[in-house]
Structures are given as structure tokens and as C-alpha cells.
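Undergrad: So in this note's numbering, spot 148 of the sequence shown is number 182, and the numbers just go up one at a time.
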Amino acid sequence: MIDNEVHSRSPHADALFDLLRSRRSVFDFLPDPVPDVLLERAIDAGRFAPNHKLTEPWRFTIIGPEAKQDIAAAWSEVKQRKLPAEASEERRDQARTAAREKWMSKPAVVAVSQALDDDPARREEDYAAIACAIQNIQLAAWALGLGCQWSTTAATRDPEVMRRASIPKSERVVGFLFLGYAAAVPEAQRKPLEEVLRRTP
Ligand SMILES: Cc1cc2nc3c(=O)[nH]c(=O)nc-3n(C[C@H](O)[C@H](O)[C@H](O)COP(=O)(O)O)c2cc1C
Numbered sequence: 035m036i037d038n039e040v041h042s043r044s045p046h047a048d049a050l051f052d053l054l055r056s057r058r059s060v061f062d063f064l065p066d067p068v069p070d071v072l073l074e075r076a077i078d079a080g081r082f083a084p085n086h087k088l089t090e091p092w093r094f095t096i097i098g099p100e101a102k103q104d105i106a107a108a109w110s111e112v113k114q115r116k117l118p119a120e121a122s123e124e125r126r127d128q129a130r131t132a133a134r135e136k137w138m139s140k141p142a143v144v145a146v147s148q149a150l151d152d153d154p155a156r157r158e159e160d161y162a163a164i165a166c167a168i169q170n171i172q173l174a175a176w177a178l179g180l181g182c183q184w185s186t187t188a189a190t191r192d193p194e195v196m197r198r199a200s201i202p203k204s205e206r207v208v209g210f211l212f213l214g215y216a217a218a219v220p221e222a223q224r225k226p227l228e229e230v231l232r233r234t235p
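1) Alpha carbon to alpha carbon, how far is Phe212 from Asp62?
2) Comparing the CB of Pro220 with every heavy atom of ligand 1, is any distance shorter than 8 Å?
3) To the nearest angstrom, report how far apart Asp66 and Arg232 are at their CA atoms.
4) Take the Cβ of Leu73 as the centre, count every other Cβ of all protein chains shown within 10 Å, and call the residue buried at 16 or more, exposed below.
5) Start and end of the beta strand (DSSP E) containing Ala216?
6) Can you tell me which of Arg224, Cys182, Glu229 and Leu227 puts its alpha carbon nearest to the alpha carbon of Phe210?
7) Under 9 Å, do Arg125 and Ser110 count as touching if we go by C-beta distance?
8) If you measure between the beta carbons of Pro118 and Ile164, is that distance less than 9 Å?
9) In the structure shown, what three-state DSSP assignment does Gln223 receive?
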């Protein structure tokens, strides 16, 4: 067991540990809009993530309302194409609505992309840096009272979605971040520390 009573030398420790442990991926949002200033503050925290050789490989795209509609429409078409030819009109309608809702139910959408380096080793490190940036954003959003979900569905690789999100071909989307005020916060699910920690003599 971790002794949470052990005192830290930093005045930030309690707040930070609370934030780290309480943050959850949020999947259900209230319809309330996210103030742009909060979105920018959260994204700004992303820039301070560690990044080897100071490549600052991240690019952030705030998806505006028009682009969100366009992406929702593109995604709806993708999902239609995946249905079997014999799918009923009702089934098609359901798929259309679900695909559209996936995007339209998210109050704010941010694409976090990686400027792709030619060197594979650098690319891998840049990808790790972007994962750190995304976690910074998630934690900053949580501190600002916002929930976030990191999404890596096939939409992050779909050329038409990329075009409508204004992502240049020189970049790869590492995640769409869905943000908003949480309608529900799931319970944490983690193995006990003892199961994942080993010590060498
Ligand atoms: C690289 C990465 C990709 C993820 N992609 C998705 C996704 O596509 N869909 C989803 O529902 N959650 C996605 N998640 C969120 C995880 O499902 C979530 O972190 C996990 O369930 C643990 O929940 P927690 O974040 O509340 O601790 C992703 C998380 C990471 C780190």
C-alpha cells in the first residue's frame, strides 16, 4: 500500500496527486459550450510537455462548428460504406445518426497531430512527446472543470476527415480530444500497485 500520509517537500503535491488520481476519461457531456479561453489554456499546458531535442512536434487544431458538421457528415458516409449491401434502410438510418452524434454530441473537439520527421527514431520519440502533451491537456482540462476523452478511432486516419479537419499531409493525428463539462464521470479501473510493480535487489 502507498502511504498517502508521507509528507512531500512540495506545496503542490496534494493538489497534483488529487488531479492525477481523480481524472477520468469522460464520454458523456452536458450540451454547455466550452469557453474558448479554457480550451486555449488547456492546450497551452500541452506545449510544456517534455520533448526530446526540443522538437515541439505537436500541432493543435481546434475544430470549429462548421468543420465539426463537415467531419460528422464525412464520418457518416464512412460508416454507411462499411454496412453490408443488404442492410435495411432502418439500419442505415441508425448508423447515420450514430456516426453524426459521435461528433455533434461533443461540445469541443481538438485534433492533436504530429509533424512527421523523416527519421523513424525521432518519429517514435515525437509520438511519445505528443502522448505527454495530450495528458497535460487532459489534466489541465480536468483542473479547469472539463472532462476529456482521447479518441483514436479510424477517423484519425481517414483522408476525408483529415481534409475536413484541415490537417496537412505532413502530419499524423495522434488523437481527437473531445472536451466538455461532464454529464457522468466513470469509476477508475486499475489493478493494485502490487500487481504491476517489481523491485530488483
Ligand atoms: C492512446 C490512447 C487512445 C485512446 N483511444 C480511445 C478511443 O479511441 N476510444 C475510447 O473510448 N477511449 C480511448 N482512450 C481512453 C481510454 O479508454 C481510457 O484512458 C481508459 O479506459 C482508462 O480510463 P481513464 O482515462 O478514465 O483512466 C484512449 C487512451 C489512450 C491512452
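Virtual Cβ for every residue (Gly too), placed ideally from N, Cα, C.
TA: Straight from the coordinates:
1) Cα-Cα distance, rounded: 10 Å.
2) Result yes, Cβ under 8 Å from ligand 1.
3) In a straight line, the C-alpha of Asp66 is about 45 Å away from that of Arg232.
4) So Leu73 counts as buried.
5) Ala216 to Ala218 is the extent of the beta strand (DSSP E) around Ala216.
6) Taking Phe210 as reference, the option from Arg224, Cys182, Glu229 and Leu227 with the minimal CA-CA separation is Cys182.
7) Not a contact, by the Cβ cut-off of 9 Å.
8) Contact annotation: Pro118 and Ile164 have beta-carbon atoms that are not nearer than 9 Å.
9) Coil at Gln223, not helix or strand.
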